[in-house]
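There are 2 protein chains.
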Amino acid sequence: MRQTNQLIIIKEIFQKYEGHQTANEIYKKAHRRLPAISLATVYRILNTLVTENYLERLNIEEGRYELKKEKHIHFICNKCGKIQNIPGEEQIKSIEENLKKKGMKVSKREIIFYGICKEC
Amino acid sequence: MRQTNQLIIIKEIFQKYEGHQTANEIYKKAHRRLPAISLATVYRILNTLVTENYLERLNIEEGRYELKKEKHIHFICNKCGKIQNIPGEEQIKSIEENLKKKGMKVSKREIIFYGICKEC
DNA sequence: ATATTAAATAAGAATCATTACTATCTTATA
DNA sequence: TATAAGATAGTAATGATTCTTATTTAATAT
Numbered sequence: 139m140r141q142t143n144q145l146i147i148i149k150e151i152f153q154k155y156e157g158h159q160t161a162n163e164i165y166k167k168a169h170r171r172l173p174a175i176s177l178a179t180v181y182r183i184l185n186t187l188v189t190e191n192y193l194e195r196l197n198i199e200e201g202r203y204e205l206k207k208e209k210h211i212h213f214i215c216n217k218c219g220k221i222q223n224i225p226g227e228e229q230i231k232s233i234e235e236n237l238k239k240k241g242m243k244v245s246k247r248e249i250i251f252y253g254i255c256k257e258c
Numbered sequence: 139m140r141q142t143n144q145l146i147i148i149k150e151i152f153q154k155y156e157g158h159q160t161a162n163e164i165y166k167k168a169h170r171r172l173p174a175i176s177l178a179t180v181y182r183i184l185n186t187l188v189t190e191n192y193l194e195r196l197n198i199e200e201g202r203y204e205l206k207k208e209k210h211i212h213f214i215c216n217k218c219g220k221i222q223n224i225p226g227e228e229q230i231k232s233i234e235e236n237l238k239k240k241g242m243k244v245s246k247r248e249i250i251f252y253g254i255c256k257e258c
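For the record, the sequence lines run as chains A and B.
FYI, the numbering for the first sequence is 139 to 258, going by my numbering.
FYI, the numbering for the second sequence is 139 to 258, going by my numbering.
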């Protein structure tokens, strides 16, 4: 992987903005610093960073990417749209152990609860 | 909601084929029985049936729809693609109760584990 | 049973996200 | 510094979904 300006800038954008972002949002941010950047380049770099395990493409919020981090459980508020991490690792581990006993190997998971958050 | 042939046939398709299907798959099946049906009609009916709580549009497998049924936990095999329901309701209920205690109201959830199934 | 009308449809255009293509440019290396 | 493989810009192409509009049809009143 060659260290091009485009790659470096996109990585920096993810380091600065913690949240999940669409390809277009990233394109706009990158464009401020590198006006000649192409949207196609943004997409290609995003795909590369996903296969490199640097980023994760969310299945839930289609077309959004975020820094790959430890496993988490999401709660998405239907009113304000805020996404927060919630506790529950123990219970999930328990489910995963039962799967292992049955001969299934778990490599990834996505756990999302939808509803109304405390503030709304 | 008027009982048009298009609507009736699409509902029947979901009653016959239990799995999750894309709009295009449904279109092709419906087209056999109603050659004049339009893909746009399929999409509109699918959207209507989702707002009517008859169908559910899956976030995980983008663009796929399935009959709305009781809550379940999915395991998707990365090799053969098979989707199966797995046990774990108790643990999930426990997580939901904790959320309720914190003042969050849960209305929906999506829980998917990815990995390799017993057969693969 | 037939006329009426609001809702639904067919067909294709339009939109939006994403990928493919290709000539040009750039990073890493000799 | 020259070179070549890899990356890029710009745009065309694709695929899923929605929009538009003239036409058709199911439900209802006659």
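Don't be surprised by glycine CBs; every beta carbon is placed ideally from N, CA and C.
Bear in mind that the values here come from a model prediction, so they are computed numbers and not experimental data.
Proximity winner among the options, relative to residue i (alpha-carbon distances)
i: E194 (chain B); options: B:E235, B:C255, B:E248; result: B:E248
i: V180 (chain A); options: A:K154, A:E190, A:K149; result: A:K149
i: L187 (chain A); options: A:I175, A:A161, A:N236, A:K231; result: A:A161
i: K240 (chain A); options: B:S232, B:G253, B:K231, B:K243; result: B:G253
i: R202 (chain A); options: A:L184, A:N216, A:I214; result: A:L184
i: Y171 (chain B); options: B:K220, B:N143, B:C218; result: The sequence given here places Arg at residue 171 (chain B); Tyr does not occur at that position. Cα-wise, what sits closest to R171 (chain B) is B:N143.
i: A178 (chain B); options: B:K206, B:Y155, B:L145; result: B:L145
i: V244 (chain B); options: A:S245, A:K167, A:E235, A:N216; result: A:N216
i: K206 (chain A); options: A:G219, A:C218, A:Y192; result: A:Y192
i: K154 (chain A); options: A:E204, A:I221, A:A174; result: A:E204
i: G219 (chain B); options: B:E235, B:K231, B:E227, B:C255; result: B:C255
i: E257 (chain B); options: B:I221, B:I164, B:E156; result: B:I221
Closer than 7 Å to chain B by CB, residue i
i: K256 (chain A); result: yes
i: R140 (chain A); result: no
i: G253 (chain A); result: yes
Any C-beta of chain A under 7 Å from that of residue i
i: I250 (chain B); result: yes
i: V188 (chain B); result: no
i: I233 (chain B); result: yes
i: K149 (chain B); result: no
i: Q229 (chain B); result: yes
Expected contact under 8 Å - CB spacing of residue i and residue j to nearest Å
i: H210 (chain B); j: N197 (chain B); result: At roughly 14 Å, the Cβ-Cβ gap does not stay under 8 Å, so H210 (chain B) and N197 (chain B) are not in contact.
i: E199 (chain A); j: H158 (chain A); result: 6 Å
i: L237 (chain B); j: F251 (chain A); result: 7 Å
i: I233 (chain B); j: Q141 (chain A); result: Actually they are not in contact, since the Cβ atoms of I233 (chain B) and Q141 (chain A) sit about 42 Å apart, beyond 8 Å.
i: F213 (chain A); j: M139 (chain B); result: Wrong, their Cβ atoms sit about 33 Å apart, outside the cutoff.
i: I147 (chain A); j: A174 (chain A); result: That pair is no contact at about 12 Å.
7 Å Cβ cut-off: residues of chain A touching residue i
i: E200 (chain B); result: E200
i: I224 (chain B); result: L237
Residue i: contacting residues in chain B (beta-carbon distance under 8 Å)
i: Q159 (chain A); result: Per Cβ cutoff of 8 Å: no residues; Q159 (chain A) is ~18 Å from chain B at best.
Beta-bridge pairing of residue i - partner residues as DSSP gives them
i: C215 (chain B); result: B:G253
i: Y203 (chain A); result: A:Q159, A:R195
i: K246 (chain B); result: A:Y252
i: Q222 (chain A); result: A:F213
Contact set between residue i and chain B, taken where Cβ atoms lie within less than 9 Å
i: N216 (chain A); result: S245, K246
i: F213 (chain A); result: L237, M242, V244
Contact test: residue i Cβ vs the ligand FMN heavy atom, cutoff 6 Å
i: H210 (chain B); result: This structure lacks the ligand FMN; in fact it carries no ligand of any kind.
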